[in-house]
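S.K.: If you scroll down you'll find the structure; I have some questions about it.
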Amino acid sequence: MQNVYEKLISCYESIQEKIPFTPKVALVLGSGLGDYAEEIRVEAELDYHEIDGFPVSTVPGHAGKFIFGWIGSVPVVCMKGRVHFYEGYPVSDVVLPIRLMKRMGAELLFLTNASGGINPSFSAGDLMLLTDHISLFAPNPLIGQNFDELGVRFPDMTQVYDRKLQEILKKTAAEQKIALQEGVYAQLTGPSYETPAEVELLRRLGADAVGMSTAVEAVAAKHMGMRICGISCISNLAAGMTKQPLSHEEVQAAADSAAPKFQKLVTESIQAFYRE
Numbered sequence: 001m002q003n004v005y006e007k008l009i010s011c012y013e014s015i016q017e018k019i020p021f022t023p024k025v026a027l028v029l030g031s032g033l034g035d036y037a038e039e040i041r042v043e044a045e046l047d048y049h050e051i052d053g054f055p056v057s058t059v060p061g062h063a064g065k066f067i068f069g070w071i072g073s074v075p076v077v078c079m080k081g082r083v084h085f086y087e088g089y090p091v092s093d094v095v096l097p098i099r100l101m102k103r104m105g106a107e108l109l110f111l112t113n114a115s116g117g118i119n120p121s122f123s124a125g126d127l128m129l130l131t132d133h134i135s136l137f138a139p140n141p142l143i144g145q146n147f148d149e150l151g152v153r154f155p156d157m158t159q160v161y162d163r164k165l166q167e168i169l170k171k172t173a174a175e176q177k178i179a180l181q182e183g184v185y186a187q188l189t190g191p192s193y194e195t196p197a198e199v200e201l202l203r204r205l206g207a208d209a210v211g212m213s214t215a216v217e218a219v220a221a222k223h224m225g226m227r228i229c230g231i232s233c234i235s236n237l238a239a240g241m242t243k244q245p246l247s248h249e250e251v252q253a254a255a256d257s258a259a260p261k262f263q264k265l266v267t268e269s270i271q272a273f274y275r276e
């Protein structure tokens, strides 16, 4: 089996042959948030199918392509659709896109997702700044052989989400009059939604929102020395907090309704990161 580092280099060489572009920011768009790509001044697009050995998104709302372009004067690479552990990919493939974007030159990773709200003060459509995460049941992406070219064997995770980037996001939200919650995000594997008992467990552990992505990506990025920030769109209240059954359509609908303020926050924040 091709080792993780060899596969990364193979994918990188495949992309460089097609699109020689050096981004500063890597942006991952979660469920229902793919339309943000319309805000980018696009220089090129590359379907995941065109990259040899690259995992392909299979979830509705995840288009499955890289978009290269500009947000203001900042060069970005945008994942329009991520891959998930629940799709059957090994976790090394789930984080391969993150490692690949770092290899392209991105120094900053902006993660987004749709999640279920656990904090009772949250409402559907809220945006939550990630201050930390809890990863349960999804395997750590650093298990197995460590590749020194990527990072150290035992990376520190004291501050995964960059404090300075958090401050810029909060300042930008205030300037744009966008309400921004803050909290801890928990990743479970999915694809089933959590049971009420699992949501209660997560609440007791200190989680404010729960989803099926992001934490393993952040771990891989931190391992490689990237600066990381994240925003979660609270698409619904988690199981047991209301009597309404959960559905993917509900997740996408809530993300769609929050899209205008989300787009504004991302656009203004990315430009502010490079003014500071």
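The numbering of the sequence shown is full-length UniProt numbering, which starts it at 1 and goes up by one. Here a beta-carbon is modelled for each residue, glycine too, at the ideal position from N, C-alpha and C.
Below 8 Å on the Cβ atoms is my guess for residue 186 versus residue 207; work out the distance and round it to an integer in Å.
M.R.: Residue 186 sits at position 186 when you count from the first residue of the sequence shown. Residue 207 sits at position 207 when you count from the first residue of the sequence shown. With a Cβ gap of about 4 Å, residue 186 and residue 207 count as contacting.
S.K.: Run through DSSP, which three-state label would residue 124 get?
M.R.: As a first step, residue 124 must be located in the sequence shown, where it is residue number 124. In the structure shown, residue 124 sits in coil (DSSP, three-state: anything other than H, G, I, E or B).
S.K.: My assumption, with CB atoms under 8 Å, is that residue 28 sits in contact with residue 108. Please give the rounded CB distance.
M.R.: The residue labelled residue 28 in the question sits at position 28 within the sequence shown. The residue labelled residue 108 in the question sits at position 108 within the sequence shown. Their Cβ separation, rounded to whole angstroms, is 12 Å, which puts residue 28 and residue 108 out of contact at 8 Å.
S.K.: Can you look up residue 184 in the DSSP assignment and give me helix, strand or coil?
M.R.: Position 184 of the sequence shown holds residue 184. It is a strand residue.
S.K.: Once the 5 residues before and after residue 205 are set aside, which same chain residues still bring their CB inside 7 Å of it?
M.R.: Here residue 205 refers to the residue found at position 205 of the sequence shown. Excluding residues within five positions, the ones whose Cβ falls inside 7 Å are 134.
S.K.: If you compare alpha carbons, which of 86, 144, 82 is closest to residue 154?
M.R.: Walking along the sequence shown from the start, residue 154 turns up at place 154. Measuring from the Cα of residue 154, the nearest candidate turns out to be 144.
S.K.: Figure out for me which residue from 157, 124, 10, 189 has the closest Cα to the Cα of residue 89.
M.R.: Start at 1 with the first residue of the sequence shown, and residue 89 comes out as number 89. Of 157, 124, 10, 189, the residue nearest in Cα terms is 189.
S.K.: Considering residue 14, what are the terminal residues of the alpha helix (DSSP H) in which it resides?
M.R.: The residue given as residue 14 occupies position 14 in the sequence shown. Unbroken alpha helix (DSSP H) run through residue 14: 4–18.
S.K.: Mind checking residue 83: buried by the 16 CB within 10 Å criterion, or exposed?
M.R.: Locating residue 83 in the sequence shown gives position 83, where the first residue counts as 1. Buried: at least 16 other Cβ atoms inside 10 Å.
S.K.: Can you find the residues in the same chain that come closer than 8 Å, C-beta to C-beta, to residue 264, ignoring five residues on each side of it along the sequence?
M.R.: Locating residue 264 in the sequence shown gives position 264, counting from the first residue. 176, 178.
S.K.: Take residue 191 and list the residues in its own chain whose beta-carbon comes closer than 6 Å to its own, dropping the five residues that flank it on each side.
M.R.: The residue you call residue 191 lines up with position 191 of the sequence shown. Excluding positions up to five away in sequence, the list reads 86.
S.K.: Give the DSSP bridge partners of residue 236, in chain order.
M.R.: Taking the first residue of the sequence shown as position 1, residue 236 is located at position 236. In DSSP, residue 236 forms a bridge with 116.
S.K.: To the nearest angstrom, how far is it from the Cα of residue 217 to the Cα of residue 4?
M.R.: Locating residue 217 in the sequence shown gives position 217, counting from the first residue. Locating residue 4 in the sequence shown gives position 4, counting from the first residue. For residue 217 and residue 4, the distance between alpha carbons rounds to 15 Å.
S.K.: Can you tell me where the alpha helix (DSSP H) holding residue 205 begins and where it ends?
M.R.: One-based indexing of the sequence shown puts residue 205 at position 205. That run of the alpha helix (DSSP H) goes 196–205.
S.K.: Check whether the stretch 8–16 and the stretch 89–102 touch, using three or more Cβ-Cβ pairs below 8 Å as the test.
M.R.: Segments in contact, yes.
S.K.: Residue 38 and residue 21 - do their beta-carbons sit closer together than 8 Å?
M.R.: In the sequence shown, counting from the first residue as 1, residue 21 sits at position 21. In the sequence shown, counting from the first residue as 1, residue 38 sits at position 38. Contact flag unset, no.
S.K.: Give me the Cα-Cα distance between residue 53 and residue 93, rounded to the nearest whole angstrom.
M.R.: Translated into positions along the sequence shown, residue 53 becomes position 53. Translated into positions along the sequence shown, residue 93 becomes position 93. Distance between the alpha carbons of residue 53 and residue 93: 10 Å.
S.K.: Express the C-alpha separation of residue 78 and residue 18 in angstroms, rounding to a whole number.
M.R.: By one-based count along the sequence shown, residue 18 stands at place 18. By one-based count along the sequence shown, residue 78 stands at place 78. C-alpha separation (whole angstroms): 16 Å.
S.K.: Determine the direct distance from the alpha carbon of residue 128 to that of residue 114, and round the result to whole angstroms.
M.R.: By one-based count along the sequence shown, residue 114 stands at place 114. By one-based count along the sequence shown, residue 128 stands at place 128. Take the alpha-carbon of residue 114 and the one of residue 128: they are about 10 Å apart.
S.K.: Would you tell me roughly how many angstroms separate the C-alpha atoms of residue 1 and residue 7, rounded to the nearest one?
M.R.: As a working mapping, residue 1 is identified with position 1 in the sequence shown. As a working mapping, residue 7 is identified with position 7 in the sequence shown. For residue 1, the predicted model reports a pLDDT of 42, less than 50, meaning its position is unreliable; a value from the coordinates is still stated below. Roughly 10 Å separates the two Cα atoms.
S.K.: I'd like to check one pair, residue 105 with residue 55: are the Cβ atoms closer than 8 Å?
M.R.: Stepping through the sequence shown from its first residue, residue 55 is reached at position 55. Stepping through the sequence shown from its first residue, residue 105 is reached at position 105. The answer is no: Cβ separation not under 8 Å.
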